[in-house]
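If you're matching them up, the sequences are chains A and B in order. Going by our numbering, the first residue of the first sequence is number 99, and it counts up by one from there. Going by our numbering, the first residue of the second sequence is number 8, and it counts up by one from there.
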Amino acid sequence: MNRFHLIRRSDVSIWKKLLYYLIGIVFSLLLGGVFLKSLGINPLRYYRDMATIGLIGNYYPAKSVEGLLKLFVPLLITSLALSLSFKMRFWNIGGEGEFITGAIFAAIVAFKLGDSLPGPVVILLMCIAAFISAGVIGFLTAHLRVRFNTNETLVTLMINYIMLYIIKYIGETKADWNFFLRTDSERPMFAKFPDAAIMKGIKIGSFNLLYSVIIALLIAVVVYIYLRSTKHGYEVAVVGDSVNTAKYSGINVYFITVRTVFLSAAMIGLAGAFTAASSGTISTDITNNVGWTGVIVAWLSKLSTPVICIVSLLISVLQYGCQAASASYSQIDHNFADLMQGIFLFAILAADFAVNFKVVRTGSKKDA
Amino acid sequence: MLDVITLFLFNIVIYSIPLLYATCGEIMVEKSGSLNLGVEGTMAIGAVFGFLAGCKADSLLVGVLVSFVVSAVVGSIFSLFTITLQANQNVTGLTITTIGVAVYFFVGNALGANWPYLRDCVRLNKSFSQIELPGLSRIPVIGKAFFSHNILVYAAVVIAILIWVYFEKTSTGLKLRAIGENPGAADSLGIDIVRYKYLHIMFGSGIMGIGGLYMGLNMGGTFEGSNCWINGYGWIAIALVIFANWSTTHAIIGTFVFGFFNTLRVYNMPLATAFPNSLGWLSKIPAQFFSALPFIVTLLVLIISSIRSKKTGGSNSPTAIGVNYYREDR
Numbered sequence: 099m100n101r102f103h104l105i106r107r108s109d110v111s112i113w114k115k116l117l118y119y120l121i122g123i124v125f126s127l128l129l130g131g132v133f134l135k136s137l138g139i140n141p142l143r144y145y146r147d148m149a150t151i152g153l154i155g156n157y158y159p160a161k162s163v164e165g166l167l168k169l170f171v172p173l174l175i176t177s178l179a180l181s182l183s184f185k186m187r188f189w190n191i192g193g194e195g196e197f198i199t200g201a202i203f204a205a206i207v208a209f210k211l212g213d214s215l216p217g218p219v220v221i222l223l224m225c226i227a228a229f230i231s232a233g234v235i236g237f238l239t240a241h242l243r244v245r246f247n248t249n250e251t252l253v254t255l256m257i258n259y260i261m262l263y264i265i266k267y268i269g270e271t272k273a274d275w276n277f278f279l280r281t282d283s284e285r286p287m288f289a290k291f292p293d294a295a296i297m298k299g300i301k302i303g304s305f306n307l308l309y310s311v312i313i314a315l316l317i318a319v320v321v322y323i324y325l326r327s328t329k330h331g332y333e334v335a336v337v338g339d340s341v342n343t344a345k346y347s348g349i350n351v352y353f354i355t356v357r358t359v360f361l362s363a364a365m366i367g368l369a370g371a372f373t374a375a376s377s378g379t380i381s382t383d384i385t386n387n388v389g390w391t392g393v394i395v396a397w398l399s400k401l402s403t404p405v406i407c408i409v410s411l412l413i414s415v416l417q418y419g420c421q422a423a424s425a426s427y428s429q430i431d432h433n434f435a436d437l438m439q440g441i442f443l444f445a446i447l448a449a450d451f452a453v454n455f456k457v458v459r460t461g462s463k464k465d466a
Numbered sequence: 008m009l010d011v012i013t014l015f016l017f018n019i020v021i022y023s024i025p026l027l028y029a030t031c032g033e034i035m036v037e038k039s040g041s042l043n044l045g046v047e048g049t050m051a052i053g054a055v056f057g058f059l060a061g062c063k064a065d066s067l068l069v070g071v072l073v074s075f076v077v078s079a080v081v082g083s084i085f086s087l088f089t090i091t092l093q094a095n096q097n098v099t100g101l102t103i104t105t106i107g108v109a110v111y112f113f114v115g116n117a118l119g120a121n122w123p124y125l126r127d128c129v130r131l132n133k134s135f136s137q138i139e140l141p142g143l144s145r146i147p148v149i150g151k152a153f154f155s156h157n158i159l160v161y162a163a164v165v166i167a168i169l170i171w172v173y174f175e176k177t178s179t180g181l182k183l184r185a186i187g188e189n190p191g192a193a194d195s196l197g198i199d200i201v202r203y204k205y206l207h208i209m210f211g212s213g214i215m216g217i218g219g220l221y222m223g224l225n226m227g228g229t230f231e232g233s234n235c236w237i238n239g240y241g242w243i244a245i246a247l248v249i250f251a252n253w254s255t256t257h258a259i260i261g262t263f264v265f266g267f268f269n270t271l272r273v274y275n276m277p278l279a280t281a282f283p284n285s286l287g288w289l290s291k292i293p294a295q296f297f298s299a300l301p302f303i304v305t306l307l308v309l310i311i312s313s314i315r316s317k318k319t320g321g322s323n324s325p326t327a328i329g330v331n332y333y334r335e336d337r
């Protein structure tokens, strides 16, 4: 019946792996080039403009780098966080909802305490509020998953949209209780945070290095060590490998799942707080799709922490670059970045197959 | 006053039909054991290409066929990655959504001023106009609301019923459900799992595409640079599959309920003014609550049904959903 069948393999050398992935990336760029060519755009010029994120011929190159980092920080933290739950085969696709939750709670702290406390304390409290509130969502989904086998993919998906409409409600409703909005504007508009609640940075010339960039990189180091060299990380790996193995070896699967997913969601909430604090306000599209892009980044990176750092930087360059390039090419907008992301992912998934499986001609048994 | 009710019911149908297409398509996909999160993208691609082809040929039939075929091709890509290449279903589905919506914008921006006007397509418009069902459309109040719609509305209901018959009364439908429940057992019975999955995922995706085309036509077919026609309906459809408990006939009722929420969002004011005493409170509920209601209800259904099935084992959810079938793991 089937002429061929698949065999799993793990004998592909690192160089061959890299070659497969490289072929995938080159193929994606060529395919993207075909798309660009069909619009009459010179692909090489577009790719150059994209990769240089509008730095060439720009009077304020520092602004471009700052803009890039504003995309990079939330994406990096979210992807790292998602990799935690994905390692456990817990499909937390609720990044959007957890991000919004974090941002809303950070904003509550900012508006309520921003005028009465010193800056660093306010920002710390904002981060804690975001961390815990988003973490609670993670805790609830994990609890449902382990206790009642509720499908976590669908639960987190629903929460994404519920949170989206909550932030829309806050942002679009003029009322006395609504302290999120500007009082001096007729149209509903999110107010700016008090000065103390806006994240500062280190000035390097005209470049402003936000503290969130440094913290995000520190988080990456911590996650790396956490997953690689701690007992917690080992437990995550065992539960992800096989729930039964974990059970028989005496690991408390409930506790590990709940703890890890709490951390995963809480980190995404933290990313929301950073985004809110560094832009000094919130908005209904504050996530910038980072919950979805994070899934793609985590998967492109094979859940490896160092690779996540590189890939999320590259994806940020892609997104920011396409935004910058859309200024000079009228036929195309920033959505081209999404198209390229998708093509990259498909190419990498195909390369994965070549790395993990071997196609074998089914032996003569069947033919005989 | 009765006009308000008729108009209200009429609009519920209008809002719920694209959901019915998408939900029936996704039920077919999920029954084969795959969770396809790419509904939104599949609909977007089907919508844009179906619309352009339909306008070019000035024919609704061509539009429907093209959106079906193009979306089925998208379904075959999902199948290729998840069935043949054993890639993760969630990630593949999300990527299809990302790419699908991006293609929608890509094509729209590329055409720019050359985007066709729906009003220029006389024959297409004619075939998309309302057909009054003889006799039934004369019934007061509900006649105009339910039996005076365009052809795609009636077709959606027929498709939903046909799929139900297919699942419940035919042996191929039974085999498909077996694959979704226990692919290993189905395989040992000699069912060609790979072919079954490919075909049903492609067919289901094709139906989603028609739903996308319907949305585009319903919105007058104008391309807006900021908003995709599908506007989150694909995600609501994924929620509806759960609400309908994986049954396409329940989906008819389910989409009507969700369409009801959606219509309330727009019609809460007219209703509240028409019936100030009994429905006046409607005007106090924020629109965002009605938008979120499908997701809130589905979340509750998910939680309650999983708690109940823990006790009684009662959900219709295909057991093997979301898990790739790899023969050697059996």
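In this text, a Cβ means the ideal position worked out from N, Cα and C, and glycines have one as well. All figures in this text were calculated on a predicted structure; none of them were measured in a lab.
Chain B within 7 Å of residue i, Cβ atoms only
{"i": "TRP275/A", "result": "no"}
{"i": "PHE188/A", "result": "no"}
{"i": "GLN421/A", "result": "no"}
{"i": "ILE317/A", "result": "no"}
{"i": "LEU443/A", "result": "yes"}
{"i": "GLU196/A", "result": "no"}
{"i": "ASP431/A", "result": "yes"}
{"i": "PHE451/A", "result": "yes"}
{"i": "ASP465/A", "result": "For ASP465/A, the pLDDT reaches just 41, beneath the cut-off of 50, and the residue's location in the model is therefore unreliable, although a value from the coordinates is still provided. False, the Cβ-Cβ gap to chain B never drops below 7 Å."}
{"i": "ASP436/A", "result": "yes"}
{"i": "VAL59/A", "result": "Lying before the first or after the last residue shown, residue 59/A is absent from chain A, which here runs from 99 to 466."}
{"i": "TYR352/A", "result": "no"}
{"i": "PHE246/A", "result": "yes"}
{"i": "LEU117/A", "result": "no"}
Residue-chain proximity (residue i, chain A), Cβ-Cβ < 7 Å
{"i": "VAL98/B", "result": "yes"}
{"i": "ASN252/B", "result": "no"}
{"i": "THR30/B", "result": "no"}
{"i": "PRO293/B", "result": "yes"}
{"i": "ALA109/B", "result": "yes"}
{"i": "PHE174/B", "result": "no"}
Which of helix, strand or coil DSSP assigns to residue i
{"i": "ASN386/A", "result": "coil"}
{"i": "ILE300/A", "result": "strand"}
{"i": "ILE88/A", "result": "Given that chain A is displayed from residue 99 to residue 466, the structure contains no residue 88/A and the question cannot be resolved."}
{"i": "ARG146/A", "result": "helix"}
{"i": "ASN234/B", "result": "coil"}
{"i": "LYS400/A", "result": "coil"}
{"i": "VAL330/B", "result": "coil"}
{"i": "ASP65/B", "result": "coil"}
{"i": "ASN190/A", "result": "coil"}
{"i": "GLY70/B", "result": "helix"}
{"i": "VAL148/B", "result": "coil"}
{"i": "THR229/B", "result": "coil"}
{"i": "SER426/A", "result": "coil"}
Short Cβ contact (7 Å threshold) for residue i with residue j
{"i": "ILE265/A", "j": "ILE366/A", "result": "no"}
{"i": "LEU174/A", "j": "ALA314/A", "result": "yes"}
{"i": "GLY370/A", "j": "GLY200/A", "result": "yes"}
{"i": "SER23/B", "j": "PHE263/B", "result": "yes"}
{"i": "VAL207/A", "j": "LEU222/A", "result": "no"}
{"i": "ALA423/A", "j": "PHE184/A", "result": "no"}
Strand pairing of residue i, partner residues [DSSP]
{"i": "ARG106/A", "result": "PHE455/A"}
{"i": "LEU279/A", "result": "PHE288/A"}
{"i": "HIS207/B", "result": "In the DSSP output, where bridge partners are listed per residue, HIS207/B has none listed."}
{"i": "HIS156/B", "result": "ILE138/B"}
{"i": "PHE305/A", "result": "ILE302/A"}
Exposure label - residue i; buried when at least 16 CB within 10 Å
{"i": "THR281/A", "result": "exposed"}
{"i": "ALA120/B", "result": "exposed"}
{"i": "GLN137/B", "result": "exposed"}
{"i": "ALA466/A", "result": "Annotation note: pLDDT 34 at ALA466/A (below 50); position unreliable, no value reported."}
{"i": "GLU175/B", "result": "exposed"}
{"i": "TRP189/A", "result": "buried"}
{"i": "PRO218/A", "result": "exposed"}
{"i": "ARG243/A", "result": "buried"}
Residue i Cβ short of 6 Å to the ligand ATP heavy atom set
{"i": "ILE408/A", "result": "Summarising the ligand content, the structure contains no ligands, and the ligand ATP is consequently not present."}
Test: residue i CB closer than 7 Å to a CB of chain D
{"i": "PHE112/B", "result": "Considering every chain present, this structure includes no chain D. Its protein chains are A and B."}
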